[in-house]
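Each remark here refers to the structure printed beneath this line.
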Amino acid sequence: MKFTHLLLIVLGLSFTVCQAQDAKDISKQKSKLKLYDEDKPNNLSSKYLGKIVFANSEIKKDDAETIYISSYTFGDKLYIKSFLSNSIGNNILFQMVEKGIKAKVLNESNSDLNHANIIYKLYIDGKLVSKTDNGRLYDEYVLHSLEINSCINDGTNTELFGEELYTQLLNHPELLTTGNHKMKIEMIPVCPRCSDESKPEKVLATGEIDLIIPGVIKVTESDCFPKKQWSDAKLENEAVKLFKKRTDAYKVILTDKDYTVIKNEFGIPLRKSFMAVVVFKNGNDVTYEYVVFERIFDGVNYQGLQVGQVSSIPGRYPENNEKKVNAECLKFLK
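Structural data, given as structure tokens:
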């Protein structure tokens, strides 16, 4: 019994020593890194280090913290600012060292971080609801800045980075029950050119705010469907009829400006195609998906419209999943 107890103590001490050695080596490697120049922190950034703050208007560098809000009514304008201990570029370097990558290797391949960016994740009452797409914020300043500004809802039809969080949440009416909720946003760095073993994954900043869902939610056109680029009522009707087996097919939105003519190597037309959005409505459930339509050329004429293959237009591939939108969006379809 005494021997077993002694063995556990020895093993525990060994583990502690190994941890200390690892921490010492990591610290040593970090000191050898060629880091990006960073903005200088100020008193406000030091106070909110690792935090995301919220406001109803764009947060400018010299704005006082009095504009920050602790409660937000869904549908109003919402902006955020993240305060970081290190820039995105340097944070990624530190995390890669912690994963065992040597400073020498990172210093020699530093240019890989020129495409570093971030994603946001949004939680409602502890449940992950949405996240921004990877690669949406390639910008030199993320390599150097300690403060990152983003917009969640600017109340206009222009979609800015971060607003997809709001749009995706808007399309989950089952979560938007009238009353009080908690909303949390996390910022995570992204390194597209990093290997799977070295990809950063630590949350850099977090913010939480009281969320109030009103009885009637404001919906703008940009919260809904892709923009119509081509007006042709006859073509829209012809396209929607191809989905007559689906009783929920509601409308087609022409998101291309015209047909794309596909020819063979001899310059002879094979078909002409376009991409469009098909809207489906089943009660209060409204969704849409991208579809390729085409007319085959028979050597003399183009034949009737039909649904084409996803690869029908070279170099263009429609998203292959339905997207849900708020039922209030139907009012924008004319």
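One point on numbering: in this note's numbering, the residue at position 276 of the sequence shown is 276, and numbering is uninterrupted. Ideal Cβ positions, reconstructed from N, Cα and C, are used throughout, including at glycine. As the structure is a prediction and not an experimental result, all values here were calculated from the model.
1. Would you list the one or two residues that DSSP bridges to His382?
2. Going by DSSP, which residues form a beta bridge with Gln306?
3. In terms of DSSP beta bridges, what is Ser130 paired with?
4. Cα separation between Asn326 and His172?
5. How many whole angstroms separate the CB atoms of Val252 and Ala239, which I take to be in contact at a CB cut-off of 8 Å?
6. Count the CB pairs spanning the stretch 285–293 and the stretch 315–324 that are closer than 8 Å, and state whether there are at least three.
7. Can you give the beta carbon distance from Gly304 to Arg316, rounded, assuming they're within the 8 Å contact cut?
8. Can we say the stretch 197–212 touches the stretch 67–75, given the rule of at least three CB pairs closer than 8 Å?
9. Could you have a look at Phe243 and say whether DSSP puts it in helix, strand or coil?
10. Considering only their Cβ atoms, is the gap separating Asn117 from Val142 smaller than 8 Å?
11. According to DSSP, Tyr288 sits in a beta bridge with which residue or residues?
12. Can you give me the Cβ contacts of Gln21 inside the same chain, cut-off strictly under 8 Å, excluding the 5 residues immediately before and after it?
13. Quick one: what's Ala233 bridged to in DSSP?
14. Going by alpha carbons, who is nearest to Lys51 out of Cys151, Lys127, Thr73 and Lys81?
15. Excluding five sequence neighbours on each side, which residues of the same chain lie with their C-beta closer than 8 Å to the C-beta of Pro214?
16. If you drop the 5 nearest sequence neighbours on each side, which residues of the same chain put their C-beta closer than 7 Å to that of Cys191?
17. What does DSSP give as the partner residues of Leu78 in its beta bridges?
18. What residue range does the beta strand (DSSP E) around Thr260 cover?
19. Helix or strand or just coil, what does DSSP make of Ile92?
20. List the whole-angstrom C-beta distance separating Lys99 from Glu197, where the pair is believed to meet the contact cut-off of C-beta under 8 Å.
21. Just to confirm my understanding: we take Asp248, look at its own chain, exclude 5 residues before and 5 after, and list those with CB closer than 8 Å. What are they?
22. Within this structure, are the beta carbons of Ile188 and Leu204 separated by less than 8 Å?
23. Can you give the beta carbon distance from Leu175 to Ile124, rounded, assuming they're within the 8 Å contact cut?
24. Closest to Lys244 by CA distance: which of Met275, Lys202 and Val307 is it?
25. Are the beta-carbon atoms belonging to Ser145 and Ser87 less than 8 Å from one another?
26. Just to confirm before moving on: does the CB-CB distance between Leu390 and Leu122 stay below 8 Å?
Considering the structure as presented:
1. Outside the displayed range of the chain (1 to 334) lies residue 382, so it cannot be described from this structure.
2. Note: Gln306 sits in a beta bridge opposite Glu294.
3. For Ser130, DSSP records a beta bridge to Leu122.
4. Taking the straight line joining both Cα atoms gives about 7 Å.
5. Right, the Cβ-Cβ distance comes to about 4 Å (below 8 Å), so this counts as a contact.
6. Result yes; three or more Cβ-Cβ pairs closer than 8 Å.
7. That belief does not hold up - the Cβ atoms of Gly304 and Arg316 are roughly 22 Å apart, past 8 Å.
8. Between the stretch 197–212 and the stretch 67–75, the count of C-beta pairs closer than 8 Å reaches three or more; the two stretches touch.
9. When secondary structure is reduced to three states using DSSP, Phe243 falls in the coil class, being assigned neither helix nor strand.
10. In this structure, Asn117 lies closer than 8 Å to Val142 by Cβ.
11. When beta bridges are read from the DSSP output, Tyr288 appears opposite Val279 and Lys323.
12. Bear in mind that the predicted position of Gln21 carries a pLDDT of just 44, short of 50, making it unreliable; the figure below should be weighed with that in mind. If you ignore the 5 residues before and after Gln21, its C-beta comes within less than 8 Å of no other C-beta in its own chain.
13. Within the DSSP bridge table, the entry for Ala233 names no partner.
14. For Lys51, the nearest C-alpha among the options comes from Lys81.
15. Excluding residues within five positions, the ones whose Cβ falls inside 8 Å are Thr73, Phe74, Gly75 and Thr178.
16. Contacts found: Ile92, Leu113, Ala116, Lys199 and Pro200.
17. DSSP, once it has assigned bridges, lists Asn153 as partnering Leu78.
18. Thr260 -> beta strand (DSSP E) spans Thr260 to Lys263.
19. DSSP, read as helix, strand or coil, puts Ile92 in helix.
20. Correct: roughly 7 Å between the Cβ atoms.
21. Cβ neighbours of Asp248 beyond the five flanking positions: Phe280, Lys281 and Asn282.
22. In this structure, the beta-carbon distance from Ile188 to Leu204 falls below 8 Å.
23. That belief holds up - the Cβ atoms of Leu175 and Ile124 are roughly 5 Å apart, short of 8 Å.
24. It is Val307 whose Cα lies nearest to the Cα of Lys244.
25. Yes, the pair counts as a contact, with Cβ atoms nearer than the cut-off.
26. Absent from the model: residue 390. The displayed extent of the chain is 1 to 334, so no value can be given.
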